[in-house]
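Numbering (full-length UniProt numbering), first residue to last: 1 to 289. The beta carbon of each residue, even a glycine, is placed where N, CA and C say it ideally should be. These numbers were taken from a predicted model, which means no experiment stands behind them. Worksheet: one structure, shown below.
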DNA sequence: CATGGGGCCTGTACGC
DNA sequence: TGCGTACAGGCCCCAT
């Protein structure tokens with residue numbers, strides 16, 4: 001599901017259950033996810049203690065006492081279940097058994113996710129992280145970093161923000177929602193960002209991510225948090241998936257056609273052409289960053 | 001270099 | 001009811 005808020009939610013659930021536990025058994029039922037799980041994965045991690053959890057963009061890092069870090073990406077349909085049942089569920093490709101007898105499973109029907117291993121000391125040079133953009137909720141993300149990254153980029157702002165080299169962790173849902181909150185048209189060229197617009201955008205990105213994390217992420221289809229509960233941020237979506245519904249910012253405005261959708265770089269964009277006018281600057285009332 | 005499109009998989013929703 | 005088609009949260013790779 002997983003954009004940054006969902007990945008953060010999954011990581012926090014895993015941390016509560018697994019921090020400081022020792023992995024006593026690793027069952028790999030399928031090696032062929034997005035890439036092959038390393039052949040020695042099970043040998044490397046079994047017997048190690050789980051020292052800590054970190055998140056970088058949409059990736060979860062699990063640092064182990066053996067000097068290795070597990071890299072976990074949920075792809076499009078990845079889920080983590082704690083207290084995974086026996087026998088394992090359909091599409092449950094990996095199961096970790098810990099020293100308290102609990103089972104933690106990785107489920108991924110589409111197998112777009114991945115599980116890899118890197119020496120902890122070499123995390124930063126791991127390919128996905130080496131040239132990844134800043135964390136949007138961290139100090140390294142600002143209007144200035146957005147403007148710098150957008151120099152010479154004539155691609156529309158929407159696909160630009162989906163580029164993990166620009167900023168880490170955003171996906172289709174939260175980019176649509178952030179552009180709506182900032183009242184920026186998804187079609188404007190990235191390099192047309194003014195400081196004022198960039199500032200509104202940074203605030204909108206932070207606020208939508210923070211709100212979503214507070215809500216436990218967005219639950220789509222059968223997505224659940226590791227502990228089994230549902231995230232509920234999907235109820236706060238203002239444009240994503242709202243085709244032809246009234247725009248929440250243009251109540252009763254005759255000129256407003258409601259929420260529209262289009263395809264940009266192969267992905268569906270939801271937006272309100274009235275609220276998100278080219279050149280219009282603003283911050284929605286829902287934003288409180 | 002920047003950009004757009006295809007491919008990877010399976011499940012589900014929808015139209016006929 | 002049954003079948004075919006389109007589409008879905010991401011990311012890599014290649015052609016242009």
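Residue 205, DSSP secondary structure in three states: helix
Residues near residue 205 by beta carbon distance below 6 Å, same chain, minus five either side: 136, 178
DSSP bridge partner residues for residue 122 (one or two, in chain order): DSSP lists no partner for residue 122.
Alpha-carbon spacing of residue 79 relative to residue 255, whole angstroms: 42 Å
Proximity winner among 82, 269, 230, relative to residue 241 (alpha-carbon distances): 269
With 16 other Cβ atoms within 10 Å as the buried cut-off, status of residue 271: buried
Same chain, Cβ closer than 6 Å to residue 187, neighbours up to 5 away in sequence not counted: 156
Where the beta strand (DSSP E) through residue 94 begins and ends: 92-98
Residue 105 - containing beta strand (DSSP E), residue span: 103-107
For residue 203, the nearest candidate out of 146, 118, 54 (CA to CA): 146
As assigned by DSSP and simplified to three states, the class of residue 293: It is not possible to answer for residue 293, since the shown part of the chain is limited to 1 through 289.
DSSP-derived helix/strand/coil call for residue 131: coil
Beta-carbon proximity of residue 25 to residue 97, cut-off 8 Å: yes
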